[in-house]
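Beneath this line is the structure, given in structure tokens, with notes to follow.
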Amino acid sequence: MKIELSEEQKLLQENVRRFAEEVAKPRAKEIDESGEFPRSFFDQAGEIGLAGVSVPEEYGGAGMDTVSYTIVIEEISRVCATSGVILSVNNSLVCDPLLKFGNEEQKKEFLTPLAAGQKLGCFALTEPGAGSDPSGLRSTARRDGDDYVLNGNKVFITNGTDADVALVFASVDLAKKHKGITCFIVPADTPGYHHGTHEFKLGVNASGTTELAFDNLRIPARFRLGGEGEGFKIAMATLDGGRIGIAAQAVGIAQGAFEEALSYSQQREQFDQKLADFQAIQFYLADMATEIDAGRLLTWKAAWAKENQKRYSLEAAQAKLFASEMAQRVTNKALQIHGGYGYTKEYNVERYFRDARITEIYEGTSEIQKMVIADWVLNKA
Amino acid sequence: MAILTEPTLESASATSGIDFGLTEDQELLVSEIRRFAEERIRPGVAERDRKHEFPVDIFREMGEMGLLGMMVPEEYGGAGLDALTYCLAMEEIARVCPATAVTMSVTNSVCCWPINRFGSEELKRRVLPPLATGEAIGGFGLTEPGAGSDAGSLRTTARRDGDFWVLNGEKAWITNAGYAKYFVVVARTNPEAGKRGLSAFVVPADAPGFSVGQPEEKLGLKASLTAQIYFSECRIPAENLLSQEGQGLKIAFATLDHSRLGIAAQAVGIHQRALELAVAYAKERVQFGVPIAQHQAIQFRIAQIATELAAARILMIGAATQEHTSQAGRLAAQAKLYASEAANRACAESLQIHGGNGFHDDYEISRLYRDVRVTTIYEGTSEMQRMVIARHLLQK
């Protein structure tokens, strides 16, 4: 065992940190308040390979390993969680399934511009009545000659306001429940494709989260990803990987909040001494650092397992569960260390605190992670 | 692609500096130790706990297997293994018997380790081979009745008298007292110099003026003996000084930085067993017409125990594999802090899953629940770990 980054990974970490500080950080507060989707950030991230970190170079990606991918998401989320999730969705939920399940033609036509950041992708699974239980989705896809015709509604679609391509899950036969679910690659300029406008949320406010609607949307059958009825399998496999990205996002948010708290505690004085001189504050910081390290290592372990084609479903669920709940605790303590100032918009911690909350919900709630973990531990181990 | 296509990054694809896999040797060793623990240690565990019986013969076997001087170089009779392998072995022993594990930890971590690191060549040749092979058990005397977390305030004295050091004082909570043959002891050699006036020695149990008190009655780890040790004009050879005069506290802290790994591993082993017991019981126990494992509240508890186990183990691995770095002290403290607190939660939750049966002596979880409690206390309380961690974070 060796738990040290390679020289290349360390260099990547440094470079992405610099990029995050220079490009993502200056706009983090502004886009949080306005909700404006930071397309220019995505474009610039794409130019340096961050839109398809683990996609081979022949398909427009950076060809790096999965641990490197978690480093990218952590470093971006450390300064701007919104920017982190935009990249996580494009990498994990769009590029990854296209690479894994797409045919050569689909990879050339769709994966390549997405991985290069020339196009932005979104992942459309959730519906108003199908959240944790996607098998209850109601969107339909009807075969019509060489085409499919899609109808239905999707909600909570990250990148939805700006996406150029959507991976859409719809059923070819509702009676078959999850066995009817099929995945389609849908260009956003297809007639019958509608997206909503920006929706204000508690956190990650500029991530373009919105509704999608398909109204007799017609696409050629060659846009189907995988076979009919394979959509559920594709979605589950994709979310296993996505959880590694969200775990990395949670670690980044926690790390950013921790650094703010550490520095604040060394400046702020009360009772004639620095906050950092109080044992209660020191103990908060010690617990925060300990849990962040645990979250990061669990994330790396899941990424390492995925990279080495080992089982990673359990590891990804554990990393996501632990890291997201850890981020909630750490950002809460970081805000507490800031006292009243932490509750104001003058400091960044209130944003970190709000941004952390979603990591326990999306790409599988904590409850879904526990179901996955319990199933492994009780029935498969 | 400015950032990612710099020449140095070309080779980054596919190769990762990180490796979470065990070597074949490690896997083999772990399964060997697990078999030994199940076959040799498991059978008498409950009885030894009840009778407070120290399993001398088992330690002899463990010594022969190389489990008592795991990190001691082979030239001094040890197994010459690394800290990670030691942690993996500790985990396996603690999974079956935490009391046996603590004797293993003390001999390896706080007796052999400082002697190997700070002892003279002559001293190492004299005392390490018997310790590493199980011929002699080791002990460590730092804590005193009035000096627990604040070790620097200890009052046991050592004065030089020709070719000897003469010790006077008492030490408390000494694991293995009564069975150990060699103790690493920290005593005050210069009353004027405060924390810099301490020195560390190897004290043989047969030294004149050395004696052992009555075994303490404890909440858990009953098969491990704990007692006070006393020095009354206790004479030891001058060569038994570790390093130099005045280095005692530095040696003690370096030793504890290292030994925390072993306690983290002990906690991980207990945690692992608490999970196994919860899983087995939940699958077998039927209430409301179904095994309780089918109730979501039980499933979620088990998922939580398993996830915290993964977190504790990965912190232990991270600390053990980075023992050579400047962050070693912080990482070991983090691993010990988290693993011990998580193991306490795991045992409490596992016991709860067992319901009334978990409260009964016939069920293993009730013993683990008692045994695990000390892991947040010894080798530095959780509060001391947080102080160590914060000191690193704030670079004091």
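From first to last, the protein sequence lines stand for chains A and B.
For the first sequence, the residue numbers in the numbering used here are 2 to 382.
For the second sequence, the residue numbers in the numbering used here are 415 to 810.
Backbone N, C-alpha and C fix where the C-beta goes; we use that ideal spot for every residue, glycine too.
TODO: Within its chain, find whatever has a CB closer than 6 Å to the CB of A131 (chain A); leave out the 5 residues flanking it on each side and keep chain order.
DONE: The residue labelled residue 131 (chain A) in the question sits at position 130 within the first sequence. G137 and L138, listed in sequence order.
Open item on the list: Can you pull the chain A neighbours of Y752 (chain B), defined as C-beta to C-beta under 8 Å?
Closed with: The residue given as residue 752 (chain B) occupies position 338 in the second sequence. Correct list: T291, E292 and A295.
Task: Where the alpha helix (DSSP H) containing V378 (chain A) begins and where it ends - done: Indexing the first sequence from 1 puts residue 378 (chain A) at position 377. Unbroken run through V378 (chain A): none, as it is neither H nor E.
TODO: Please state if the CB of L633 (chain B) and the CB of R464 (chain B) are separated by a distance shorter than 9 Å.
DONE: Position 50 of the second sequence, counting from 1, holds the residue named residue 464 (chain B). Position 219 of the second sequence, counting from 1, holds the residue named residue 633 (chain B). No. Outside cutoff.
Task: Length of the line joining the Cα atoms of A513 (chain B) and E778 (chain B) - done: Position 99 of the second sequence, counted from the start, is the residue given in the question as residue 513 (chain B). Position 364 of the second sequence, counted from the start, is the residue given in the question as residue 778 (chain B). When only Cα atoms are considered, A513 (chain B) and E778 (chain B) end up about 13 Å apart.
TODO: Compare the beta carbon distance of I719 (chain B) and R781 (chain B) with 9 Å and say whether it is the shorter of the two.
DONE: In the second sequence, the residue the question calls residue 719 (chain B) occupies position 305. In the second sequence, the residue the question calls residue 781 (chain B) occupies position 367. At least 9 Å separates the beta-carbon of I719 (chain B) from that of R781 (chain B).
Task: Residue-chain proximity (K3 (chain A), chain B), Cβ-Cβ < 9 Å - done: Position 2 of the first sequence holds residue 3 (chain A). Residue-level contact by beta carbon holds for K3 (chain A) and chain B, with a gap shorter than 9 Å.
Task: Whether G85 (chain A) touches I74 (chain A) by CB criterion (9 Å) - done: Here the question's residue 85 (chain A) lines up with position 84 in the first sequence. Here the question's residue 74 (chain A) lines up with position 73 in the first sequence. For G85 (chain A) and I74 (chain A), yes; Cβs fall inside 9 Å.
- [ ] Compare the C-alpha of S314 (chain A) against each of A:T300, A:E326 and A:A262 and name the closest.
- [x] Counting from one through the first sequence, the residue named residue 314 (chain A) turns up at place 313. Nearest to S314 (chain A) by alpha-carbon distance, out of A:T300, A:E326 and A:A262, is A:T300.
Task: C-alpha gap between S796 (chain B) and A117 (chain A), whole angstroms - done: In the second sequence, residue 796 (chain B) corresponds to position 382, counting from 1. In the first sequence, residue 117 (chain A) corresponds to position 116, counting from 1. Rounded to whole angstroms, S796 (chain B) to A117 (chain A) spans 48 Å at the Cα level.
TODO: List the residues of chain D that F714 (chain B) touches, going by C-beta distances under 7 Å, in chain order.
DONE: The displayed structure is made up of protein chains A and B, and chain D is not among them.
TODO: Would you kindly report the start and end of the unbroken alpha helix (DSSP H) that includes Q718 (chain B)?
DONE: Counted from its first residue, the second sequence places residue 718 (chain B) at position 304. For Q718 (chain B), the enclosing alpha helix (DSSP H) has its first and last residue at Q710 to T735.
Open item on the list: Measuring only the C-alpha atoms, how far is I731 (chain B) from E5 (chain A)?
Closed with: Here residue 731 (chain B) corresponds to residue number 317 of the second sequence, with the count starting at 1. Here residue 5 (chain A) corresponds to residue number 4 of the first sequence, with the count starting at 1. Between I731 (chain B) and E5 (chain A), the C-alpha separation is close to 11 Å.
TODO: Decide if V704 (chain B) is buried, meaning its Cβ has at least 16 other Cβ atoms within 10 Å, or exposed.
DONE: Residue numbering aside, residue 704 (chain B) sits at position 290 when the second sequence is read from its first letter. Flag for V704 (chain B) reads exposed.
TODO: Would you mind working out which of A:T210, A:F20 and A:L175 sits nearest K202 (chain A), comparing C-alpha positions?
DONE: For this step, residue 202 (chain A) is matched to residue 201 along the first sequence. The candidate whose alpha carbon is nearest that of K202 (chain A) is A:T210.
- [ ] Could you pull the start and end residues of the beta strand (DSSP E) that F450 (chain B) belongs to?
- [x] Position 36 of the second sequence, counting from 1, holds the residue named residue 450 (chain B). Looking at the DSSP string, F450 (chain B) is not in any beta strand (DSSP E); the run it does join, the alpha helix (DSSP H), is E438 to F450.
Open item on the list: Quick check on DSSP: helix, strand or coil for Y344 (chain A)?
Closed with: The sequence position of residue 344 (chain A) within the first sequence is 343, counting from 1. Coil at Y344 (chain A), not helix or strand.
- [ ] Determine the closest residue to A222 (chain A) out of A:V56, A:Y149, A:A176 and A:E231, with distance taken between C-alpha atoms.
- [x] The residue given as residue 222 (chain A) occupies position 221 in the first sequence. When only C-alpha atoms are compared, the closest one is A:Y149.
Open item on the list: I'd like to know whether the C-beta of V693 (chain B) is nearer than 9 Å to at least one C-beta of chain A.
Closed with: Numbered from its first residue, the second sequence carries residue 693 (chain B) at position 279. Taking a beta-carbon distance threshold of 9 Å, V693 (chain B) counts as an interface residue toward chain A.
- [ ] Could you give the DSSP three-state label for F231 (chain A): helix, strand or coil?
- [x] Position 230 of the first sequence holds residue 231 (chain A). The amino acid occupying residue 231 (chain A) in the given sequence is Glu; Phe does not appear at that position. The answer is coil: DSSP assigns E231 (chain A) none of H, G, I, E or B.
Open item on the list: What does the Cβ neighbour count give for L213 (chain A), buried or exposed, with the cut at 16 atoms within 10 Å?
Closed with: Looking up residue 213 (chain A) in the first sequence gives position 212. Buried, by the Cβ-count rule.
TODO: Could you check which residue in B:Q701, B:S764, B:G548 and B:L675 has the C-alpha nearest to that of M504 (chain B)?
DONE: Counted from its first residue, the second sequence places residue 504 (chain B) at position 90. For M504 (chain B), the nearest C-alpha among the options comes from B:L675.
Task: Neighbouring residues, chain A, relative to M801 (chain B) (Cβ below 9 Å) - done: Working through the second sequence from its first residue, we reach residue 801 (chain B) at position 387. Within chain A, the residues Q280, Q283, F284 and A287 have their CB atoms less than 9 Å from the CB of M801 (chain B), given in chain order.
Open item on the list: Counting only beta-carbon separations shorter than 9 Å, does F38 (chain A) have a partner in chain B?
Closed with: By 1-based counting over the first sequence, the position of residue 38 (chain A) is 37. Taking 9 Å as the threshold, the shortest C-beta distance from F38 (chain A) to chain B does not fall below it.
- [ ] Using alpha carbons as the reference points, say which of A:S325, A:T191, A:L286 and A:E260 lies closest to G365 (chain A).
- [x] Counted from its first residue, the first sequence places residue 365 (chain A) at position 364. Taking only the C-alpha atoms, the option nearest G365 (chain A) is A:S325.
- [ ] Please name the residue in B:I447, B:L482 and B:G627 whose C-alpha comes closest to that of A586 (chain B).
- [x] Taking the first residue of the second sequence as 1, we reach residue 586 (chain B) at position 172. Of the candidates B:I447, B:L482 and B:G627, the one whose C-alpha sits nearest the C-alpha of A586 (chain B) is B:G627.
TODO: Just the C-alpha distance for N771 (chain B) and A757 (chain B), rounded to the nearest angstrom, thanks.
DONE: The residue given as residue 771 (chain B) occupies position 357 in the second sequence. The residue given as residue 757 (chain B) occupies position 343 in the second sequence. Answer to the nearest angstrom: the Cα atoms are 20 Å apart.
- [ ] Taking C-beta pairs closer than 8 Å, name the residues in chain B that V169 (chain A) reaches, listed in chain order.
- [x] Counted from its first residue, the first sequence places residue 169 (chain A) at position 168. What V169 (chain A) touches in chain B: nothing, since even the nearest Cβ is about 30 Å away.
Open item on the list: My output table needs one value for S427 (chain B): the three-state DSSP class, helix, strand or coil.
Closed with: Taking the second sequence and counting its residues from 1, one reaches residue 427 (chain B) at position 13. Summary for S427 (chain B): the model assigns pLDDT 40, below 50, so the residue's position carries little reliability; its value from the coordinates is reported in the next sentence. Reduced to three states, the DSSP call for S427 (chain B) is coil.
Task: Rounded straight-line distance, which links the Cα of M518 (chain B) to that of R787 (chain B) - done: One-based indexing of the second sequence puts residue 787 (chain B) at position 373. One-based indexing of the second sequence puts residue 518 (chain B) at position 104. Looking at the two C-alpha atoms, the distance is approximately 18 Å.
- [ ] Select from A:I245, A:I362, A:A46 and A:A255 the residue whose C-alpha is nearest the C-alpha of G62 (chain A).
- [x] The residue labelled residue 62 (chain A) in the question sits at position 61 within the first sequence. For the options A:I245, A:I362, A:A46 and A:A255, the alpha carbon positioned closest to that of G62 (chain A) is the one of A:A46.
Task: Where Q271 (chain A) falls: helix, strand or coil (DSSP) - done: Position 270 of the first sequence, counted from the first residue, corresponds to residue 271 (chain A). Reduced to three states, the DSSP call for Q271 (chain A) is strand.
Task: the segment 298-312 of chain A: positions lying closer than 9 Å to chain B by Cβ - done: Per Cβ criterion, the list reads L298, L299, W301, K302, A304, W305, A306, E308, N309 and K311.
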